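The next block holds one structure in the form of structure tokens; read it before the comments.
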Amino acid sequence: AKELRKTDADCLLVFTTTSTDHALEGFQVRAFHYLVKPFSEAELSGLLDEMLAKLPRPEPVLTVKVDGSDIHLRYRDIISAEHFAHIINIRTTAGKTLAMRQSFKAFTEPLKKDPRFFVCGRGTIINMENAADFQDAAFCMTDGSQVYVSQELLKAARQAFMEFLLQRGRVG
Numbered sequence: 254a255k256e257l258r259k260t261d262a263d264c265l266l267v268f269t270t271t272s273t274d275h276a277l278e279g280f281q282v283r284a285f286h287y288l289v290k291p292f293s294e295a296e297l298s299g300l301l302d303e304m305l306a307k308l309p310r311p312e313p314v315l316t317v318k319v320d321g322s323d324i325h326l327r328y329r330d331i332i333s334a335e336h337f338a339h340i341i342n343i344r345t346t347a348g349k350t351l352a353m354r355q356s357f358k359a360f361t362e363p364l365k366k367d368p369r370f371f372v373c374g375r376g377t378i379i380n381m382e383n384a385a386d387f388q389d390a391a392f393c394m395t396d397g398s399q400v401y402v403s404q405e406l407l408k409a410a411r412q413a414f415m416e417f418l419l420q421r422g423r424v425g
């Protein structure tokens, strides 16, 4: 276990044994859990679920075609996007605006499956991860821009942002 910890400081170590005699040694190498045999399938299943929840998830990527080239854009790098005159302008955390020709529906389809994104009205979507606040009828984005929400979506926008913040542990 000490050798494993040397090669990977973040690995999840689980000990299985018939005795708790060496439990203290397990904690010295920062064991994630200590299963005493015989253990039930429910115990093992619960432990595996807990371990899976701790593993980092790969960041989703959106492939966009800009000036004839495919660009792989991580979801977290999208601040917002607006569709106007058949062009989608994507504002990024790198301070760039990427312009591409695509329907708003096709562009937002994968993004709407991610709880970070909210459609603010016809042709506008934001990443709430990059929203600093919600004031009056607009999201205040981390790049200093404001993205206004249509009147009929105001209540839903406030609710979605509050739920997002609560889930992230940034409120309460």
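Residue numbers (the numbering used here): 254 to 425.
Glycine residues also receive a C-beta, built at the ideal position from the N, C-alpha and C atoms.
None of these values were measured; they are calculated from a predicted model.
Handout entry: DSSP three-state assignment for G374, whether helix, strand or coil
Key = strand
Handout entry: Nearest-angstrom Cβ-Cβ length linking Y287 and E312, presumed shorter than 8 Å
Key = That pair is no contact at about 33 Å.
Practice task
Just the C-alpha distance for V402 and G422, rounded to the nearest angstrom, thanks.
Solution key: 24 Å
Exercise for the section: Please classify N483: is it buried, with 16 or more other beta-carbons within 10 angstroms of its beta-carbon, or exposed? Expected result: Since the first residue shown for the chain is 254 and the last is 425, residue 483 is missing from the structure and cannot be characterised.
Practice task
Round the Cβ separation of E318 and M353 to the nearest angstrom and send it over; I've been treating them as touching at under 8 Å.
Solution key: In the sequence as presented, Glu is not what sits at residue 318; that position holds Lys. Sure, about 6 Å apart at Cβ, within 8 Å.
Practice task
Leaving out five residues on either side along the sequence, give the residues of the same chain with a beta carbon under 8 Å from the beta carbon of G279.
Solution key: A254, L266, F268 and Y287
Exercise for the section: Check whether the Cβ atoms of A385 and F414 sit closer than 8 Å, and answer yes or no. Expected result: no
Exercise for the section: Using alpha carbons as the reference points, say which of A409, N342 and T273 lies closest to K290. Expected result: T273
Handout entry: Short Cβ contact (8 Å threshold) for A409 with Q399
Key = no
Problem - Best match in I332, S356, Q355 and H339 for proximity to A347 [C-alpha to C-alpha] - result: I332
Exercise for the section: Please confirm whether P363 and L315 have their CB atoms less than 8 Å apart. Expected result: yes
Problem - DSSP beta-bridge partners of R344 - result: S333 and T350
Handout entry: Three-state secondary structure assigned by DSSP to L247
Key = With the chain represented from 254 up to 425, any question about residue 247 goes unanswered, as that position is not in the structure.
Practice task
Flag this pair as yes or no: are the beta carbons of F371 and I341 separated by less than 8 Å?
Solution key: no
Handout entry: C-beta contact flag for D330 and T350 at 8 Å
Key = no
Exercise for the section: Pull up the DSSP beta-bridge partners for R283, would you. Expected result: Its beta-bridge partners do not exist; DSSP assigns none.
Problem - Integer-rounded CB distance, given that F357 should sit under 8 Å from G376 - result: 5 Å
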